[in-house]
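Visitor: Quick one: this structure, given as C-alpha cells, is what I'll be asking you about.
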Amino acid sequence: MSEEHAIPSTSGNHDHCSAPNRLNFEDKIWRVNNSLSRRHDELKHYWSEARREELKQLKTIVADSKKQYYESNQEERQLAQVINDLQAQHLAKQREIQELEDTDLIYKDLAQAQQKLCLVEEKYKRSTFSNIREEQVQVNEVNRIKRNIAKLAKYIPLVEQRKSLEAQIKADRHKNRTIRLQMRAAQDKIRDSRHKIKAIQTPFLRLREVLADLKVEKRNLIEKYNDERQNYSAWLKHNKVNKTSSTFPSAILQDQSGDSLDLFHVQKSNCKRLIRYLQSLQSCSAFNLRNIDGAVEHSSHHQNHFNDSSDSAEELPESFKHMNVVRPPTQQHKVQITNRNVKKVVKKQAMPLSHGIDYIKMFNDIDVTPPKLVADVPKVLEEDLWDCGSPIPSLFSAGGSECTLESLTSPFTSPQSLSRTESFCSLPNKNVSEDASNSPGSPCSSHRI
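Just so you know, UniProt numbering puts 20 at position 20 of the sequence shown, and the rest follows in order with no gaps.
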C-alpha cells in the first residue's frame, strides 16, 4: 500500500480518522459543474456560425495572400537575377567604350569627323610648306582624323548597345518595384488578417483554458475525495467495533457508515426507490394474457382427462348422466375471452397516474419527467431511467465504488464534452452543451451534481 493510502496507527483506541464530508464534496462538484455549464453556454454563444464563417474567410484570405506573396517573391528573384546580368553586360560595354575613348577618339560624331577631315585635307592642298616638318604635322592630323573615323565604326554600335541595356535595366527595375509593392501589400493583408483571426480566436482559447482548469479542479476534487474515502474505509476496517457489544442503533450506524460515503448516495437511493416504485406500477397494471390462456388450457386439459379416465360417468349412478356438466371452452371462446381482456388492458393503459409529493420531488431531483399515464411507465423505466444517456447507469455501474476519472464525461457529473471542438482549429467543432433551457443557477439543472 502506498504512503498516501497508509492506514493510520491503531496502537490506541484514542486515534480517530474523521469521515470525509460527502455533502461538502457534492456541493463543490455542483458548483464546478455549474461553472462548466456557464462556460459551455458562453462558448456556444460566442462561437456562432457567422463567426466561424468569418474565420474561414480570413483563413482563405491569408492562404491566397501567402500564395500571391510567394509567387511575387519568386518572380522578383528571377527579375533581380536578370537585372544583375544586364548590369554586368552594361559594365562590360562601358569598359570597351572607355578604352576607345582613351585613344585618338576626339570626335564621337561621324558627320563631324568627316567634315573635319574634309577641311584638313582642303587646307593641306592649299598650303605651301616651307619645310618637311610643317608638312608632316598636316599629314599626322589627317591620319589621326582617319583613325578616329575608323574607331567610330566600333564605338557607335557599343554606345547603342549600352543605351539599350540601360533602357532594359530601367524597365526591369520599375517592374521590380511594382512586384515589391505587391509583396508589401500581400504582407499587410496577411498581417491584418492574422490580427483579426487572433482577435476572434483569443476569447475562444481563453474559454477553453478556463474549461480545462475547471476540469482539472474537478478531477482533483474527485481524486482527493476518493483518497480520503479509501483512508477512512481502511481505518474502519482495522478499527471495527464488536457488534455483539454494541447497541442496535450504533451497529446500524457502523454498518451504514460506508454506504453513506458513497458518491451521490442520496441520488442513488432516490433512483433505486423510483425504479422499485415504477416496477410495482408496471406489475400492477400489466395484464398477462399468456397466463390466462395457460389457465384456460389447463382447465380444459383437466376436464378431458376426467372424461377419459377409467372413472367415467358410465360407472356412476344413472342419475349422474342427466346432470349439467360445464363443457371446456372452445378455441373460438378463447379468442373472445382474449379480445375482451385486451380491451380491458387498453383501458387500463390509458388511465392517468397520480404520484405522491415525495415521488415527484425524487423525479425532480434526478431530472426525469414522471409518467402521466400507465402506458408511460415502461417508457420512463426503460428509456429515461435505464437508458445509456441517463445518469443511472453511471451511478449503479460503480456498485458503490469510488468515482473514476472516466465519469468526468458522464452527463450526471459534468456537461457534455468539447471533443469536437476538435474541429475548431478546425477550431473544433466544436461540440458544446445544447441544454440552454436550464440556466447554470437553476436548481433543476442536469449538471447540478
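Yeah, the Cβ is synthetic: ideal placement off N, Cα and C, and Gly gets one too.
Please read these numbers as outputs of a predicted model, since none were measured by experiment.
Does the structure place the stretch 144–164 close enough to the stretch 70–82 that three or more beta carbon pairs sit under 8 Å?
Guide: No, the stretch 70–82 is not in contact with the stretch 144–164.
Visitor: Express the C-alpha separation of Glu-49 and Glu-75 in angstroms, rounding to a whole number.
Guide: Their Cα atoms are separated by approximately 39 Å.
Visitor: Out of Lys-125, Ala-375, Val-120, which one is the CA nearest neighbour of Ile-145?
Guide: Ranking Lys-125, Ala-375, Val-120 by Cα distance to Ile-145 puts Val-120 first.
Visitor: Please work out which residues of its chain come closer than 8 Å, Cβ to Cβ, to Pro-378, disregarding the five sequence neighbours upstream and downstream, and give them in chain order.
Guide: Closer than 8 Å at Cβ, skipping near neighbours: Gln-282.
Visitor: Nearest CA to the CA of Asp-64: which residue from Asn-239, Asp-188, Asn-21?
Guide: Checking every option, the nearest Cα to that of Asp-64 belongs to Asp-188.
Visitor: Check Pro-370 in the structure and name its three-state DSSP category.
Guide: Reduced to three states, the DSSP call for Pro-370 is coil.
Visitor: To the nearest angstrom, how far is the alpha carbon of Ser-310 from that of Tyr-359?
Guide: At Ser-310 the pLDDT is 49, less than 50, meaning the model places this residue with poor confidence; the figure from the coordinates comes in the next sentence. For Ser-310 and Tyr-359, the distance between alpha carbons rounds to 60 Å.
Visitor: So Asp-27 is in the alpha helix (DSSP H); what residue range does that whole segment cover?
Guide: Counting along the chain, the alpha helix (DSSP H) containing Asp-27 begins and ends at 22–46.
Visitor: Here's a check: name, in chain order, each residue in its chain whose Cβ is nearer than 8 Å to the Cβ of Ile-197, leaving out the five neighbours to either side.
Guide: The answer, listed in chain order, is Leu-55, Leu-58, Lys-59, Val-62.
Visitor: Look at the alpha carbon of Asp-308 and the alpha carbon of Ser-269, and state the distance between them as a whole number of angstroms.
Guide: Unreliable placement is indicated for Asp-308, whose pLDDT of 48 sits below 50; the coordinate value is still reported in the next sentence. Cα to Cα, the separation comes out at about 58 Å.
Visitor: Measure the C-alpha to C-alpha separation of Leu-236 and Ser-280 and round it to an integer number of angstroms.
Guide: Taking the straight line from one Cα to the other gives about 37 Å.
Visitor: From Asn-143, Met-183, Asp-109, pick the residue whose C-alpha is nearest to that of Lys-66; which is it?
Guide: Among Asn-143, Met-183, Asp-109, the Cα nearest to that of Lys-66 is on Met-183.
Visitor: Note down the Cα distance separating Gln-98 from Ala-186, rounded to an integer number of angstroms.
Guide: If I take the Cα positions, the gap works out to 44 Å.
Visitor: Based on DSSP bridge pairs, tell me the residues matched to Glu-352.
Guide: First, the residue type needs correcting, since residue 352 is Pro and not Glu in the sequence shown. Paired residues: Leu-373.
Visitor: Classify Asp-213 as buried or exposed, calling it buried when 16 or more other Cβ atoms lie within 10 Å of its own Cβ.
Guide: Asp-213 is exposed by the Cβ-count criterion.
Visitor: Inspect the beta-carbon positions of Glu-160 and His-90 and report whether they are closer than 8 Å.
Guide: Not in contact: Glu-160 and His-90 (Cβ atoms no closer than 8 Å).
Visitor: With DSSP collapsed to three states, give me the class of Ala-80.
Guide: Note: Ala-80 maps to helix in three-state DSSP.
Visitor: Per DSSP, what kind of secondary structure is His-16 in: helix, strand or coil?
Guide: Note: His-16 maps to coil in three-state DSSP.
Visitor: Are the stretch 30–47 and the stretch 214–234 touching, with three or more C-beta to C-beta distances below 8 Å?
Guide: A contact exists between the stretch 30–47 and the stretch 214–234.
Visitor: So, is Met-362 buried or exposed, given that buried needs 16 or more other C-beta atoms within 10 angstroms?
Guide: The residue in question, Met-362, is buried, as its Cβ has 16 or more Cβ neighbours within 10 Å.
Visitor: Taking the CB atoms as reference points, tell me whether Arg-173 and Lys-93 lie closer together than 8 Å.
Guide: Going by C-beta atoms, Arg-173 is not nearer than 8 Å to Lys-93.
Visitor: List the whole-angstrom C-beta distance separating Asp-367 from Gln-267, where the pair is believed to meet the contact cut-off of C-beta under 8 Å.
Guide: That belief does not hold up - the Cβ atoms of Asp-367 and Gln-267 are roughly 10 Å apart, past 8 Å.
Visitor: If you drop the 5 nearest sequence neighbours on each side, which residues of the same chain put their C-beta closer than 6 Å to that of Leu-158?
Guide: Contacts found: Lys-93, Glu-96, Ile-97.
Visitor: Identify which residue in Glu-42, Glu-141, Ile-132, Asn-24 has its Cα closest to the Cα of residue 474.
Guide: Summary: the structure shown does not reach residue 474, with the chain confined to residues 1 through 449, and so no result is reported for it.
Visitor: Using the Cα positions of residue 450 and Asp-27, report the straight-line distance between them to the nearest angstrom.
Guide: Nothing can be reported for residue 450, as the shown portion of the chain is limited to 1 through 449.
Visitor: Suppose you measure from the CA of His-195 to the CA of Asn-226; what does that come to, to the nearest Å?
Guide: Answer to the nearest angstrom: the Cα atoms are 46 Å apart.
Visitor: Is it buried or exposed, Ile-179, if we count other Cβ atoms within 10 angstroms and call 16 or more buried?
Guide: So Ile-179 ends up on the buried side.
Visitor: Roughly how far, in whole angstroms, is the beta-carbon of Tyr-155 from the beta-carbon of Lys-125, given that I think they are within contact range, below 8 Å?
Guide: That belief does not hold up - the Cβ atoms of Tyr-155 and Lys-125 are roughly 29 Å apart, past 8 Å.
Visitor: Enumerate in chain order the residues of its own chain whose CB-to-CB distance from Asn-110 is below 6 Å, with the five nearest sequence positions on each side excluded.
Guide: Reading off the sequence, residue 110 comes out as Leu, not Asn. The residues are Leu-152.
Visitor: Which class does Ser-233 belong to by DSSP, given the choice of helix, strand or coil?
Guide: If DSSP states are grouped into helix, strand and coil, Ser-233 belongs with the helices.
Visitor: What's the C-alpha gap between Gln-201 and Tyr-70?
Guide: Rounded to whole angstroms, Gln-201 to Tyr-70 spans 26 Å at the Cα level.
Visitor: Let me know the secondary structure DSSP gives Phe-129 once reduced to three states.
Guide: If DSSP states are grouped into helix, strand and coil, Phe-129 belongs with coil.
Visitor: Based on Cα-Cα distance, which residue from Leu-373, Leu-274, Ser-72 lies nearest to Leu-181?
Guide: The residue with the shortest Cα to Cα distance from Leu-181 is Ser-72.
Visitor: Confirm, please, whether the CB-CB distance from Ile-169 to Gln-68 is below 8 Å.
Guide: Cβ distance not < 8 Å, so Gln-68 and Ile-169 don't count as in contact.
Visitor: Which of the three DSSP states is assigned to Thr-103 in this structure?
Guide: In the structure shown, Thr-103 sits in coil (DSSP, three-state: anything other than H, G, I, E or B).
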